[in-house]
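In my numbering, the protein residues as written are 4 to 167.
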């Protein structure tokens, strides 16, 4: 015989009737009673369909009061929080903690780093010219790329002519 025990005893709910807690059972009965009252009261005047449509906004909040629980908040607490957050929430303002002096210091540091980097580059190429081998390598790549593009273009033109 297996008896299931919830690991979290805080969320343990004792069954009252048909697996419902007492709160759920009471609000189920209230919502059914309210819905039946609205439908039976309006059935002769506006018909079954419209009376059911009018009963729905009355029945749903009553039923949700008994069943709804999200993050430990009941239905009405959640509704209050949503309305408060939607309409009465104060805007979050940002106040900068930086002043002009800090920005100037950061700019000066950045300028120092740029100057150091330029000095390193000047040491690598003292006469201001690039390395001959680097230029030669770049020229080879450019020539190979140009020849490849021309080859693909000629092949495309020939394929177009012969396919016609």
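C-beta: ideal position from N, C-alpha, C; glycine also.
Exposed unless 16 or more other CB atoms sit within 10 angstroms - verdict on residue i
i, result
"residue 62", "buried"
"residue 34", "buried"
"residue 78", "buried"
"residue 40", "exposed"
"residue 58", "buried"
"residue 114", "exposed"
"residue 27", "buried"
"residue 38", "buried"
Distance between beta carbons of residue j and residue i, contact taken as under 8 Å
i, j, result
"residue 96", "residue 84", "Rounded, the Cβ-Cβ distance is 22 Å, inconsistent with contact."
Neighbourhood of residue i by C-beta distance below 7 Å, restricted to the same chain and skipping five residues each side
i, result
"residue 31", "23, 66, 69"
Other residues of its chain near residue i: CB distance less than 8 Å, five sequence neighbours each side excluded
i, result
"residue 165", "none"
"residue 73", "81"
Beta-carbon proximity of residue i to residue j, cut-off 9 Å
i, j, result
"residue 45", "residue 53", "yes"
Which full runs of the alpha helix (DSSP H) of 4+ residues lie inside the region 89-139, going along the chain?
103-127
I'd like the ranges of any alpha helix (DSSP H) spanning at least 4 consecutive residues and lying wholly in the region 32-96.
51-70, 78-90
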